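Q: Residue numbers (this note's numbering), protein chains in the order written: chain A, 1 to 156; chain B, 1 to 156. Built from N, CA and C at the ideal position, the CB exists for glycine as well. Here the structure is a predicted model, which means the values were calculated and not measured. Take this structure, written in structure tokens, and hold onto it; I'll ask about it next.
There are 2 protein chains.
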Amino acid sequence: MLSKVKAYLIKHDVKPSIQRIAVMNYLFNNRTHPTVDEIFSALSPNMPTLSKTTVYSTLKLLAEKGAILQLTIDEKNVRYDACIDPHAHFICLGCGCVHDVAPIYLDKVHMEKYKNLNIIETQVYYKGYCDECLDNMEGKVKESAEPDSHLKQLNS
Amino acid sequence: MLSKVKAYLIKHDVKPSIQRIAVMNYLFNNRTHPTVDEIFSALSPNMPTLSKTTVYSTLKLLAEKGAILQLTIDEKNVRYDACIDPHAHFICLGCGCVHDVAPIYLDKVHMEKYKNLNIIETQVYYKGYCDECLDNMEGKVKESAEPDSHLKQLNS
DNA sequence: TTGTTACTTTGTAATCATTTCAGTTTTGAA
DNA sequence: TTCAAAACTGAAATGATTACAAAGTAACAA
């Protein structure tokens with residue numbers, strides 16, 4: 001079962017230590033874009049000797065090797081994503097949850113124009129309020145929470 | 001001269017104090033996406049009583065009111081941008097410089113699909129190496145600095 | 001003008017995510 | 001088995017950001 005994770009690490013030029021397998025496996029099974037703390041807290045009970053420093057260094061290594069994505073959509077905490085296929089992210093300004101938002105394709109003509117920029121990674125972040133939070137607001141705070149001046153939709 | 005800045009603040013429902021005008025004016029004149037520290041260090045000499053806390057709270061207020069943009073493209077520091085028109089950002093993984101990358105238009109069909117997400121802000125971040133850094137590399141480290149596994153271009 | 005009230009600014013202290021580092025353990029090749 | 005390199009650990013340091021209480025300022029009515 002974990003041999004798949006092991007193979008994945010090796011494929012990405014990461015030596016598969018117990019700790020690295022545990023972190024990578026957690027990310028495969030938890031697509032909630034967890035923070036370092038969440039990952040550490042989840043693994044710690046079953047791995048009492050695990051150090052948070054190791055979680056930090058492992059995530060850094062995995063991101064460097066392209067095995068995972070590092071998201072800065074949340075100003076408070078860096079989040080990690082095992083899905084490295086092209087897709088965008090949505091964060092709810094109410095509850096802070098982060099969702100995948102399916103593959104995004106940027107305008108071909110536009111991308112052509114910036115070929116010379118040597119882009120090796122693209123991040124698309126959407127910020128707004130999820131359905132659940134909107135329901136909880138029920139019009140009362142909604143207005144003040146969404147000032148027009150915040151509207152910056154980039155669709156043509 | 002500063003009355004324009006003043007009017008801009010009032011337009012965005014921000015009371016124009018001396019400090020707020022100074023911060024906003026700095027952002028208007030410095031389109032380098034400065035960090036809190038850069039803004040504070042630049043203003044401090046001419047405003048010896050200015051507190052860094054004030055710079056923090058002012059930037060937070062301005063962003064909340066939609067007068068400026070808050071960028072999390074740089075993992076180290078939050079950066080601020082006086083230009084609130086739709087545009088994307090590029091950060092150089094070598095020197096850390098941040099450039100504007102002209103307006104980006106996301107695929108219309110795609111956006112239609114996510115109308116229900118109540119998106120009120122969109123951020124598009126590109127990461128790569130600027131020309132200057134590429135020149136300095138001259139092929140030697142270039143290879144190791146750009147592993148294929150990092151390639152995640154989102155253009156179709 | 002004076003008094004009152006709310007808002008803003010200031011500086012210090014606290015917080016919290018992240019990094020550094022030195023010592024220890026593990027791994028893997030000879 | 002031995003040994004050097006790599007990985008892990010935990011404590012301490014760092015550095016950005018926030019909390020907070022006190023001082024200053026603006027608005028405005030009496």
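Show which residues of chain B have a CB atom less than 7 Å away from the CB atom of Tyr129 of chain A.
A: Position 129 of the first sequence, counted from the first residue, corresponds to residue 129 of chain A. Ordered by position in chain B, the residues that pass the 7 Å Cβ test against Tyr129 of chain A are Asn118.
Q: Would DSSP call Asp157 of chain A helix, strand or coil?
A: Outside the shown range of chain A (1 to 156) lies residue 157 of chain A, about which nothing can therefore be said.
Q: If you compare alpha carbons, which of A:Glu64, A:Asp74 and A:Ile120 is closest to His99 of chain A?
A: In the first sequence, the residue the question calls residue 99 of chain A occupies position 99. Considering only alpha carbons, the answer is A:Asp74.
Q: Rounded to whole angstroms, what is the Cα-Cα separation between Ile84 of chain B and Pro86 of chain A?
A: Walking along the second sequence from the start, residue 84 of chain B turns up at place 84. Walking along the first sequence from the start, residue 86 of chain A turns up at place 86. Roughly 26 Å between the two C-alpha positions.
Q: I'd like to know if Thr35 of chain A contacts chain B, where contact means its C-beta is closer than 8 Å to some C-beta of that chain.
A: Within the first sequence, the letter at position 35 stands for residue 35 of chain A. So no, Thr35 of chain A is outside the interface.
Q: Would you tell me roughly how many angstroms separate the C-alpha atoms of Leu27 of chain B and Asn46 of chain A, rounded to the nearest one?
A: Here the question's residue 27 of chain B lines up with position 27 in the second sequence. Here the question's residue 46 of chain A lines up with position 46 in the first sequence. About 49 Å.
Q: Identify, in the order they occur along the chain, each residue of the same chain with its Cβ nearer than 7 Å to the Cβ of Pro34 of chain A, setting aside the five sequence neighbours on each side.
A: By one-based count along the first sequence, residue 34 of chain A stands at place 34. So the qualifying residues of the chain are Arg79 and Tyr80.
Q: Taking the runs of the beta strand (DSSP E) that are 3 residues or longer, which of them lie wholly in the stretch 49-93 of chain B?
A: Those beta strand (DSSP E) runs which fall completely within the stretch 49-93 of chain B and span 3+ residues are 69-71, 79-81 and 89-92.
Q: Could you check the C-alpha separation between Cys133 of chain B and Asn116 of chain A for me, to the nearest Å?
A: The count along the second sequence starts at 1 and reaches residue 133 of chain B at position 133. The count along the first sequence starts at 1 and reaches residue 116 of chain A at position 116. Distance between the alpha carbons of Cys133 of chain B and Asn116 of chain A: 13 Å.
Q: With three or more beta-carbon pairs closer than 8 Å as the criterion, would you say the stretch 116-125 of chain B touches the stretch 120-134 of chain A?
A: As far as the Cβ criterion goes, the stretch 116-125 of chain B touches the stretch 120-134 of chain A, which means the pair count is three or higher.
Q: Should Asn25 of chain B be labelled buried (16 or more other beta-carbon atoms within 10 Å of its own) or exposed?
A: Locating residue 25 of chain B in the second sequence gives position 25, where the first residue counts as 1. Classification for Asn25 of chain B: buried.
Q: Identify whether Tyr125 of chain A lies in helix, strand or coil by the three-state DSSP scheme.
A: Translated into the one-based positions of the first sequence, residue 125 of chain A becomes position 125. Strand, per DSSP.
Q: How big is the Cα-Cα spacing for Ala145 of chain B and Ala7 of chain A?
A: Taking the first residue of the second sequence as 1, we reach residue 145 of chain B at position 145. Taking the first residue of the first sequence as 1, we reach residue 7 of chain A at position 7. Only weak support is given to the placement of Ala145 of chain B: the predicted model assigns it a pLDDT of 40, under 50, and the question is left unresolved by the model.
Q: Look at Leu22 of chain A and Leu43 of chain A and say whether their C-beta atoms are less than 8 Å apart.
A: Walking along the first sequence from the start, residue 22 of chain A turns up at place 22. Walking along the first sequence from the start, residue 43 of chain A turns up at place 43. Position check: residue 22 of chain A holds Ala in this sequence, whereas Leu was assumed. In contact: Ala22 of chain A and Leu43 of chain A (Cβ atoms closer than 8 Å).
Q: If you draw a straight line from the C-alpha of His89 of chain A to the C-alpha of Val101 of chain A, how long is it?
A: For the purposes of this step, residue 89 of chain A is taken as residue 89 along the first sequence, with counting starting at 1. For the purposes of this step, residue 101 of chain A is taken as residue 101 along the first sequence, with counting starting at 1. Rounded to whole angstroms, His89 of chain A to Val101 of chain A spans 5 Å at the Cα level.
Q: Cα separation between Leu69 of chain A and Cys95 of chain B?
A: Indexing the first sequence from 1 puts residue 69 of chain A at position 69. Indexing the second sequence from 1 puts residue 95 of chain B at position 95. Going from the Cα of Leu69 of chain A to the Cα of Cys95 of chain B covers about 21 Å.
Q: Please check if any C-beta of chain A sits within less than 8 Å of the C-beta of Leu154 of chain B.
A: Here the question's residue 154 of chain B lines up with position 154 in the second sequence. In this prediction, Leu154 of chain B scores a pLDDT of 35, lower than 50, which makes its location untrustworthy; no coordinate-derived value is stated.
Q: From the beta carbon of Lys140 of chain B, is the nearest beta carbon of chain A less than 8 Å away?
A: Taking the first residue of the second sequence as position 1, residue 140 of chain B is located at position 140. No answer about Lys140 of chain B holds up, because its pLDDT of 49 lies below 50 and its placement is not dependable.
Q: State the start and end residues of the unbroken alpha helix (DSSP H) segment that holds Val36 of chain A.
A: Counting from 1 along the first sequence, the entry for residue 36 of chain A is found at position 36. Note, Val36 of chain A: alpha helix (DSSP H), Val36 to Leu43.
Q: Under 8 Å between C-beta atoms, does Leu151 of chain B make it to chain A?
A: Residue 151 of chain B sits at position 151 when you count from the first residue of the second sequence. Unreliable positioning characterises Leu151 of chain B in this predicted model, as indicated by a pLDDT of 31, which lies under 50. A coordinate reading is not provided.
Q: In three-state terms, what does DSSP make of Val98 of chain B?
A: Working through the second sequence from its first residue, we reach residue 98 of chain B at position 98. DSSP places Val98 of chain B in strand when its eight states are reduced to three.
Q: Please go through the same chain and pick out, in chain order, the residues whose beta-carbon is closer than 7 Å to the beta-carbon of Leu93 of chain A, but skip the five residues on each side of it.
A: Locating residue 93 of chain A in the first sequence gives position 93, where the first residue counts as 1. Only Lys127, Gly128 and Tyr129 meet the Cβ criterion.
Q: Give the interface partners of Leu134 of chain A over in chain B, defined as CB-CB distance under 7 Å, in chain order.
A: Here residue 134 of chain A refers to the residue found at position 134 when the first sequence is read from its first residue. Per Cβ cutoff of 7 Å: Asn118.
Q: Tell me, which residues are paired with Ile21 of chain A by DSSP?
A: Here residue 21 of chain A refers to the residue found at position 21 when the first sequence is read from its first residue. Paired residue(s): none; Ile21 of chain A is not in a bridge.
Q: Between the stretch 55-74 of chain A and chain B, which residues of the former have a C-beta closer than 9 Å to a C-beta of the latter?
A: If the cut-off is 9 Å between Cβ atoms, the stretch 55-74 of chain A has Glu64, Lys65, Gly66, Ala67, Leu69, Gln70, Thr72, Ile73 and Asp74 near chain B.
Q: Tell me Ile119 of chain A's beta-bridge partners as DSSP assigns them.
A: Within the first sequence, numbered from 1, the residue matching residue 119 of chain A stands at position 119. DSSP lists B:Gly128 as partners of Ile119 of chain A.
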